[in-house]
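Q: Okay, here's the structure, questions in a sec.
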């Protein structure tokens with residue numbers, strides 16, 4: 003339970019097997035969104051373990067899952083299905099961050115339950131800009147049901 007004057011801490015889960023991309027995300031978060039807690043897992047198996055351990059906490063809100071589509075051990079599409087099996091994670095937005103701009107990949111992601119699809123840009127400055135815009139949207143403009151607020 004939150005005490006008067008306390009606010010809900012925001013948490014971002016990143017499922018990304020490319021270390022350079024995970025580091026970029028961490029840098030943007032630390033610089034532009036210092037109040038957001040970041041958790042990074044590097045493959046689908048680790049994400050499954052994270053799902054099993056995750057318990058909703060009234061003082062903390064998982065506001066977004068940012069996930070690569072192609073990873074070792076489990077695809078992002080299969081992982082979306084696993085997230086959606088858990089009632090407390092069902093309405094958590096999942097956004098794909100992929101190197102592929104294939105329409106088939108995009109359709110598959112949305113058909114599986116992704117809320118967004120971002121194509122990884124070529125430079126770190128472009129990645130920083132993309133992440134900043136994305137996180138601003140999900141933190142400020144988007145509204146989640148009360149269980150996630």
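Residue numbers (my numbering): 3 to 151.
Positions of the beta carbon are idealized from the N, C-alpha and C atoms, including for glycine.
1. How many angstroms separate the CA atom of residue 137 from the CA atom of residue 26?
2. Return the first residue and the last residue of the alpha helix (DSSP H) that residue 30 is part of.
3. With DSSP run on the structure shown, which of helix, strand or coil describes residue 99?
4. Taking buried to mean at least 16 other C-beta atoms within 10 Å of its own C-beta, is residue 70 buried or exposed?
5. Determine the burial state of residue 62: buried for a count of at least 16 other Cβ atoms within 10 Å of its Cβ, exposed for fewer.
6. In the DSSP assignment, find the alpha helix (DSSP H) that holds residue 135 and state where it starts and stops.
7. Please classify residue 22 as buried or exposed, where buried requires at least 16 other C-beta atoms within 10 Å of its C-beta.
8. Could you compute how far the alpha carbon of residue 20 sits from the alpha carbon of residue 101?
9. Give the single residue among 24, 106, 113, 97 whose Cα lies nearest to the Cα of residue 64.
10. Buried or exposed for residue 3, going by 16 or more other Cβ atoms inside 10 Å?
11. When we look at the beta-carbon of residue 16 and count the other beta-carbons within 10 Å, is it buried (16 or more) or exposed?
12. According to DSSP, is residue 50 helix, strand or coil?
13. So which of 116, 132, 117 has the shortest CA-CA distance to residue 123?
14. Go through its chain and collect everything with a Cβ distance to residue 145's Cβ below 7 Å, but skip five positions before and after it.
A: Well, looking at it:
1. 13 Å
2. 21 to 34
3. strand
4. buried
5. exposed
6. 126 to 138
7. exposed
8. 11 Å
9. 97
10. For residue 3, the predicted model reports a pLDDT of 47, less than 50, meaning its position is unreliable; a value from the coordinates is still stated below. Exposed, by the Cβ-count rule.
11. buried
12. helix
13. 132
14. none
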